[in-house]
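Heads up, the sequence shown is in the UniProt record's numbering, so the first residue is 1 and it goes up one at a time. For each residue, glycine too, the CB sits at the ideal point set by N, CA and C. Note that the coordinates shown come from a computational prediction; the quantities given were computed from them, not determined experimentally. Have a look at the structure below, then the notes.
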Amino acid sequence: MPTDRLCVLFGSCGSAPAEGTGVRQRLQKKVAETETLLRQLHGRIEGTESSTRKVNQSVCILEREQEALEEPAIICERRILVRGQRPEEELMEDDFQVALLNERFVLEQAYKMLSAYVDAGHELQEALQELGKLMKSIDKKIGYWK
């Protein structure tokens, strides 16, 4: 309670002199406002921690998806190489060759896109970690109000 803190601050919970009543009320109002701000800050710290967890999970999912593309890309590349080693009279661009080349293109584009998302996720992780450290530092410095 703000009044309890003011009692400790002033050393007495008895009635204040008439001229001190306005000051006391203003101080009580300021203490109440400060406590509201502290609760809001604590809520934002918790929100930042929650966002950090969600970003970490998303980056892990993106990294797994990126890794999952590697094996199909290797297989596709091997098939293209094997087809390229056939005798000259068998070298032709048929539907299967076109499909392989399209598959390779799609896999490369997907990998590049996921790489960009993973990189952006890592940057966001770093920024959120730094923000979390700053917010915890502030919370620790003003923690005596709780």
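Under the rule that 16 or more other beta-carbon atoms within 10 Å means buried, what is L62, buried or exposed?
-> Counting the other CB atoms within 10 Å of its CB gives L62 a total of 16 or more, which places it among the buried residues.
Just tell me which of Q28, E89 and I45 has its CA closest to the CA of K133.
-> The option with the nearest alpha carbon to K133 is I45.
Which residue comes first and which comes last in the alpha helix (DSSP H) that contains R86?
-> Judged by DSSP secondary structure, R86 falls outside any alpha helix (DSSP H); it is assigned neither H nor E.
Output the boundary residues of the alpha helix (DSSP H) element that contains I142.
-> Looking at the DSSP string, I142 is not in any alpha helix (DSSP H), and its letter there is neither H nor E.
Given 8 Å, three or more beta-carbon pairs between the region 47-64 and the region 87-99 = Touching, no, given that fewer than three Cβ pairs across the two stretches are closer than 8 Å.
Consult DSSP for Q94 and reduce its assignment to one of helix, strand or coil.
-> It is worth fixing the name first, because residue 94 is Asp in this sequence and not Gln. The three-state reading of DSSP puts D94 in coil, since its state is none of H, G, I, E or B.
How big is the Cα-Cα spacing for K136 and V98?
-> Roughly 56 Å separates the two Cα atoms.
What number of angstroms, rounded off, separates the C-alpha of R78 from the C-alpha of E93?
-> Taking the straight line joining both Cα atoms gives about 16 Å.
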